[in-house]
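Worksheet: the structure to be examined is printed underneath.
Numbering (full-length UniProt numbering), first residue to last: 1 to 293.
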């Protein structure tokens, strides 16, 4: 089911959560239909923008952080129409952003960001003399999506499965794609770990091994700060996020491993942050701890 939106001629984005790595929509506009992809429900940095039918409906471009020159630009004459809806898709994964037409597999403009960030929201607007009517495919059913998601606020763990990432999910790291902060039950413990959307699981570290869990919870609704720590230390404000099978509180940590930044569990009595990586449970004496602002 599609959600309907109208945009005025004023280049002000309307933001909504996006729960997957793709956006499917139809738009009716004479030119300059703009889409933003952002971590939160507002403009700022980092931010991707796609300008559909810019330059008098002659070109389409991808821009990052409002900076010129554009990262990618393609000739797309008459790509938009004010007489009919035209369908498009945008897909992103691992820093790659691709834009294509409905019914076509190949994108007509694409770019790969060497420094990607997590995308939790999309924004739409029109401008430069154009107004727009939009039909955007609704987010996955089952999420309670607030009309104006708060920035910050109380941390909340949301049930998910099979690679789902709910709106407002907290990005935690990167390993060829954005990783999110999750937790899952294993052997009587509730263990913080990494949600890898393309794998369809949350990985947790336990008993020397990495365990993939298709049912898990995702941390949402808080602004996270990552504070350096070591040797089992916990900074003030560290968020209790689970417990061992013996009842010891566990906290969300992360560490670098072979070029990845991987989310795991800080177990204070063991003086390390354990991360699930490459099938193993790997202990790091130096790490960062998630603090919920």
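Just so you know, even glycine gets a beta-carbon here, dropped at the ideal spot from N, CA and C. Computed from a predicted model, the values in this text were never measured in an experiment.
Legend entry - Identity of the residues DSSP links to residue 182 by a beta bridge: In the chain shown, the residue the question calls residue 182 occupies position 182. According to DSSP, which records beta bridges pairwise, residue 182 is partnered with 193, 218.
Inset, instruction - Give the straight-line distance between the Cα atoms of residue 266 and residue 93, rounded to the nearest whole angstrom. - result: By 1-based counting over the chain shown, the position of residue 266 is 266. By 1-based counting over the chain shown, the position of residue 93 is 93. It is roughly 28 Å from the alpha-carbon of residue 266 to the alpha-carbon of residue 93.
Legend entry - residue 26 to residue 37 span [Cα, whole Å]: On the chain shown, residue 26 is found 26 positions in, with the first residue counted as 1. On the chain shown, residue 37 is found 37 positions in, with the first residue counted as 1. Residue 26 and residue 37: Cα-Cα distance of roughly 17 Å.
Legend entry - Contained beta strand (DSSP E) runs [length at least 3] in the segment 207-276, N- to C-terminal order: You should have 209-213, 215-220, 224-230, 240-243, 249-257, 260-267.
Legend entry - Cβ-based burial, residue 160 [other Cβ within 10 Å; buried from 16]: Reading the chain shown from its first residue, position 160 is the one you call residue 160. In the assembly as shown, residue 160 is a buried residue. Its beta-carbon has 16 or more other beta-carbons within 10 Å.
Inset, instruction - Taking residue 55 as part of the beta strand (DSSP E), name the residues at either end of that continuous run. - result: Here residue 55 corresponds to residue number 55 of the chain shown, with the count starting at 1. Note, residue 55: premise wrong, no beta strand (DSSP E); alpha helix (DSSP H) at 54-57.
Inset, instruction - Would you mind reading off the limits of the beta strand (DSSP E) that contains residue 23? - result: Position 23 of the chain shown, counted from the start, is the residue given in the question as residue 23. In this chain, the beta strand (DSSP E) harbouring residue 23 covers 22-29.
Inset, instruction - State the Cα-Cα distance for the pair residue 211 and residue 122, rounded to the nearest angstrom. - result: If you number the chain shown from 1, residue 211 lands on position 211. If you number the chain shown from 1, residue 122 lands on position 122. When only Cα atoms are considered, residue 211 and residue 122 end up about 32 Å apart.
Legend entry - Exposure label - residue 57; buried when at least 16 CB within 10 Å: By 1-based counting over the chain shown, the position of residue 57 is 57. So residue 57 counts as buried.
Inset, instruction - Specify the secondary structure class of residue 96 as computed by DSSP and reduced to three states. - result: Taking the chain shown and counting its residues from 1, the one referred to as residue 96 is at position 96. DSSP places residue 96 in strand when its eight states are reduced to three.
Legend entry - Residue(s) in a DSSP beta bridge with residue 34: Your numbering for residue 34 matches position 34 in the chain shown. Beta-bridge pairing links residue 34 to 51, 125.
Inset, instruction - Per DSSP, which residues does residue 87 bridge with? Please list them. - result: Mapped onto the chain shown, residue 87 falls at position 87. DSSP, once it has assigned bridges, lists 26 as partnering residue 87.
Legend entry - Segment contact, 8 Å Cβ cut-off, at least three pairs: the segment 116-136 with the segment 192-208: The segment 116-136 and the segment 192-208 do not touch, with fewer than 3 CB-CB distances between them shorter than 8 Å.
Inset, instruction - Please determine, among 259, 71, 215, the residue with the shortest C-alpha to C-alpha distance to residue 51. - result: Position 51 of the chain shown holds residue 51. Nearest of 259, 71, 215 to residue 51, Cα basis: 71.
Inset, instruction - State the Cα-Cα distance for the pair residue 287 and residue 255, rounded to the nearest angstrom. - result: If you number the chain shown from 1, residue 287 lands on position 287. If you number the chain shown from 1, residue 255 lands on position 255. Residue 287 and residue 255 have their alpha carbons spaced roughly 5 Å apart.
Inset, instruction - Mind checking who residue 284 pairs with in its DSSP beta bridge? - result: Taking the chain shown and counting its residues from 1, one reaches residue 284 at position 284. In the DSSP secondary-structure assignment, residue 284 is bridged to 273.
Inset, instruction - Quick one: residues in its chain with C-beta nearer than 7 Å to the C-beta of residue 158, no 5 flanking neighbours on either side, listed in chain order? - result: Position 158 of the chain shown, counted from the first residue, corresponds to residue 158. Result list for residue 158: 166, 217, 218, 220, in chain order.
Inset, instruction - Please report the Cβ distance between residue 14 and residue 119, rounded to the nearest whole angstrom; I am assuming they are in contact, meaning their Cβ atoms lie under 8 Å. - result: Taking the chain shown and counting its residues from 1, the one referred to as residue 14 is at position 14. Taking the chain shown and counting its residues from 1, the one referred to as residue 119 is at position 119. About 16 Å separates the CB atoms of residue 14 and residue 119; that is not less than 8 Å, and the two are not in contact.
Legend entry - Opening and closing residue of the beta strand (DSSP E) in which residue 10 lies: For the purposes of this step, residue 10 is taken as the residue at position 10 of the chain shown. Judged by DSSP secondary structure, residue 10 falls outside any beta strand (DSSP E); it is assigned neither H nor E.
Inset, instruction - Look at the alpha carbon of residue 305 and the alpha carbon of residue 113, and state the distance between them as a whole number of angstroms. - result: Look at the range of the chain in this structure, 1 to 293, and you will see that residue 305 is not part of it.
Legend entry - residue 110 - containing beta strand (DSSP E), residue span: Here the question's residue 110 lines up with position 110 in the chain shown. Residue 110 -> beta strand (DSSP E) spans 109-112.
Inset, instruction - Confirm, please, whether the CB-CB distance from residue 188 to residue 245 is below 7 Å. - result: As a working mapping, residue 245 is identified with position 245 in the chain shown. As a working mapping, residue 188 is identified with position 188 in the chain shown. Closer than 7 Å, so yes.
Legend entry - 8 Å CB neighbourhood of residue 47 in its chain, flanking five on each side removed: Position 47 of the chain shown, counted from the first residue, corresponds to residue 47. Contacts found: 36, 37, 38, 64, 65, 66.
Inset, instruction - Compute the distance between the beta-carbons of residue 239 and residue 290, then report whether it is under 7 Å. - result: Within the chain shown, numbered from 1, the residue matching residue 239 stands at position 239. Within the chain shown, numbered from 1, the residue matching residue 290 stands at position 290. Yes, Cβ-Cβ distance for residue 239 and residue 290 is below 7 Å.
Legend entry - Residues near residue 203 in its chain [Cβ-Cβ closer than 6 Å; skip 5 each side]: Taking the chain shown and counting its residues from 1, the one referred to as residue 203 is at position 203. Here the set comprises 193, 194, 210, 212, 276.
Inset, instruction - Measure the C-alpha to C-alpha separation of residue 21 and residue 224 and round it to an integer number of angstroms. - result: On the chain shown, position 21 is the one that residue 21 refers to. On the chain shown, position 224 is the one that residue 224 refers to. So the alpha carbons of these two residues sit roughly 22 Å apart.
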